[in-house]
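Everything below concerns the one structure shown next.
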Amino acid sequence: MKQQLEAIRKAALEAIADAAKAEDLEALRVRYLGKKGELTAVLKQMGKLSAEERPVIGQLANEVRAALEAGIEEKASELADKSMECKLKEEAVDVTIPGKQEKIGVKHPMYQVLDEIKDIFVGMGFEILEDREVELAEYNFTKLNVEEGHPAREWSDTFYFSDDSSILLRTQTSPMQIHAMETRELPIRILAPGRVYRKDEVDATHSPMFHQIEGLVIDKGITMADLKGTLETLIKAMYGQDSVVRFRPHHFPFTEPSVEVDVSCFACGGCGCRLCKGTGWIEVLGAGIVNKKVLENCGIDSEEYSGLAFGIGIERLAMLKYGINNIKLLYQSDMRVLDQINDD
Ligand code: DAH
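In structure tokens form, the structure reads like this:
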């Protein structure tokens, strides 16, 4: 029996030393120390021993049990340490690996221009008004003094929704003037940015959808001097205090007198270059004193009140400002292009 016990001790300790997992260790504990285990089986035969042998073998059996228990415990803690080490290694974060740069968007160049213009006018006490893109011809044309038969009303130029040409996609933001005059208390000072639509041939500077900003002031005693002062403030804020502003006579049905406004070329300072086509001037907007007929169309007494109005093309300004030579680049949202023209 002594040999049996020694053999169990040797085999069990070797197996314990070789155990690779906690489950293997548990299986060994059952195999040797469990109720039906090998050591227990040997102990059950103790009764057959003589009175002298019994305490000797009993002591040895206890020693073997203690040795196996100690071996299992030690191995268990070793395995636990090892598994913790593996886990830590697996979950380790290498803080020295360079991070991945997430691409973030930029404010679109047109919105950069629009926000700049809004800021300038809000500073002058204007309110921002945004509204419908589907209009009645009455607002887009008639009340703005664009008469029946005017070329701008042609089917070839305008997207109509109805056969009787009464509903359309607005071709300009000017109908916002009419809405403001019909619904607001006087005096009025508004800026109305938004999309407009025309059946233009698509080329480097034209697109069937583009953006305008309409401005309107109605008050007592508004004159050409107010118009000049307002627009000079805008243009100098945008293109620098040194820029020179020029007002050229023009014609729009809804203003009388009407002007087109030029700024001295910001690329060459007025000497003449490719950007200004050698003229030294760049056209930036249309404007004028609100036609009395338009005031009367909106029920405003033109003897008591007068107004100024202007319309700005945002794409054109953005293209000039950022040296973009094709309007398509503004709509493609290609980050390689937008990144280059980001001011922020
Ligand atoms: N609506 C005009 C256009 O689309 C621009 C414009 C010119 C607006 C003169 C105005 C203005 O308010 O006074 O070409």
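In numbering that gives the first Met the number 0, the protein residues as written are 0 to 343.
By construction, the Cβ of each residue, glycine as well, lies at the ideal position given by its N, Cα and C atoms.
Nearest to residue i (by Cα), restricted to the options the options
i: P256; options: S164, P207, P174, K291; result: K291
i: G268; options: V260, H250, F246, Y238; result: Y238
i: F253; options: L128, Q176, A191; result: Q176
i: L316; options: I212, I299, K1, I221; result: I212
i: E37; options: K9, K47, A16, A18; result: K9
i: E77; options: K320, A65, F265, A19; result: A19
i: S82; options: N61, E126, I119, A21; result: A21
i: T229; options: G287, E25, D300; result: G287
i: K345; options: E302, L284, V262, S332; result: Within the shown structure, residues of the chain are numbered from 0 to 343, placing residue 345 beyond reach of any answer.
i: Q3; options: R188, S164, M45, Q339; result: M45
i: I7; options: L24, L32, D23; result: L32
i: L67; options: D93, E52, V289, L24; result: L24
i: E314; options: A40, L113, E52, I103; result: L113
i: N61; options: G148, S49, V41; result: V41
i: A151; options: L190, Q171, D162; result: Q171
Unbroken beta strand (DSSP E) run spanning residue i, endpoints
i: V283; result: 280-289
i: F209; result: 208-218
i: V133; result: 133-135
Backbone secondary structure at residue i - three-state DSSP
i: P150; result: helix
i: P252; result: coil
i: Y196; result: strand
i: A266; result: coil
i: F120; result: helix
i: D93; result: coil
i: D338; result: helix
i: A203; result: coil
i: D114; result: helix
Residue range of the alpha helix (DSSP H) that includes residue i
i: A66; result: 52-90
i: H178; result: 174-182
i: A224; result: 223-238
i: A308; result: Segment 305-312 is the beta strand (DSSP E) holding A308; no alpha helix (DSSP H) there.
i: L38; result: 37-43
i: I15; result: 1-17
i: L185; result: Here L185 belongs to no alpha helix (DSSP H), and DSSP marks it neither H nor E.
i: L329; result: 327-330
i: L24; result: 21-32
Problem - Segment contact flag, the region 13-23 with the region 66-76, C-beta cutoff 8 Å, min 3 pairs - result: yes
Practice task
Please determine if the region 194-205 and the region 153-169 are in contact, where contact requires at least 3 C-beta pairs separated by less than 8 Å.
Solution key: yes
Problem - At least 3 beta-carbon pairs within less than 8 Å: the region 123-142 vs the region 90-106 - result: no
Problem - the region 320-330 / the region 200-209 touching (three or more Cβ pairs under 8 Å) - result: yes
Practice task
Decide if the region 134-149 is in contact with the region 165-179; the criterion is three or more beta carbon pairs, one per stretch, under 8 Å apart.
Solution key: yes
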